[in-house]
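Notes follow once the structure below has been shown.
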Amino acid sequence: MSTTSEPGRPQAAEVDILEELKAELAQDLEEERPPHAGPLAQVAAGVVTLVLGVAGMALSLGYGLGSLTQPGPGLWPFAVSVAVTALSVAQIAFGRRAEDTEQFTRSSVLTGLGVLSLVGLAALLPVIGFEVPSLVLMVVWLRFLGGESWRMTAVVSVVTVAVFYALFVLALSIPLPRLI
């Protein structure tokens with residue numbers, strides 16, 4: 000009688016160790032998780048995104064929807080805004096019982112700063128082009144929000160903006176406001 004197991008099939012001791020490691024990892028993750036946000040936060044998040052979706056629909060109508068064969072500049076923003084609005088209504092209606100949400104903590108501020116930096120990019124883009132605001136955005140996200148080293152921040156930021164320039168301006172000929 001052979002003491003070896005079939006090829007490709009783990010032995011009982013290996014299975015036990017894997018199960019123990021999985022259980023330990025799950026427990027560690029549960030201990031580090033912030034507290035549950037609760038139903039009020041679920042509804043508040045749904046209301047905020049609902050307002051954003053409705054505002055997006057209203058703004059995109061101002062650009063003109065066009066038709067499906069000749070779409071106007073507002074068609075796809077309108078479609079995305081409709082999706083955001085529908086998902087927000089679903090969140091308000093059904094999301095109150097969800098258990099996979101987290102309370103806002105000090106680290107939640109990073110998300111707000113990320114959104115504000117995108118607003119800054121959008122505001123500066125028509126004024127000074129896309130190169131400088133995009134580079135500043137990358138530096139803010141990598142160094143200050145992501146905690147990367149200055150060397151990594153500099154390399155990734157410059158390479159990313161160069162790739163976007165090559166892709167959108169040179170390859171696709173998209174008329175972005177730019178300095179170069």
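For what it's worth, numbering that gives the first Met the number 0 labels the leading residue of the sequence shown as 0, then goes sequentially. Glycine included, C-beta positions come from ideal geometry on N, C-alpha and C. Being a predicted model, the structure only gives us computed values, none of them experimental.
Collapsed DSSP secondary structure at residue i in the structure displayed
i: G52; result: helix
i: G65; result: strand
i: E18; result: helix
i: P125; result: helix
i: M0; result: Any reading at M0 must be qualified, since the residue scores a pLDDT of 47, below 50, and its modelled position is unreliable; no value is offered.
i: P33; result: coil
i: R70; result: Looking at the sequence itself, residue 70 is Pro, so the reference to Arg does not match. It is a strand residue.
i: I173; result: coil
Close beta carbons around residue i, own chain, < 6 Å, minus the five adjacent residues each side
i: S116; result: L136, V139
i: S133; result: V160
Closer than 8 Å to chain D by CB, residue i
i: V131; result: Here there is only one protein chain, and chain D is not present.
Beta-carbon contacts of residue i that lie in its chain and below 8 Å, excluding the five residues immediately before and after
i: M0; result: Note on M0: pLDDT 47, under 50, position unreliable in the model; no value is reported.
Presumed contact (8 Å Cβ cut-off) between residue i and residue j, rounded CB distance
i: A45; j: S59; result: The amino acid at residue 45 is misidentified as Ala; the sequence shows Gly. Actually they do not touch by this definition, with Cβ atoms about 21 Å apart.
i: L51; j: V83; result: 6 Å
i: A36; j: E101; result: 6 Å
Continuous alpha helix (DSSP H) stretch holding residue i: start and end
i: E130; result: 130 to 138
i: L178; result: From DSSP, L178 is part of no alpha helix (DSSP H); its letter is neither H nor E.
i: R150; result: 149 to 163
i: T100; result: Premise fails: T100 is in no alpha helix (DSSP H) and is neither H nor E.
Own chain partners of residue i with C-beta closer than 7 Å, once the 5 adjacent residues on each side are dropped
i: A97; result: Q41
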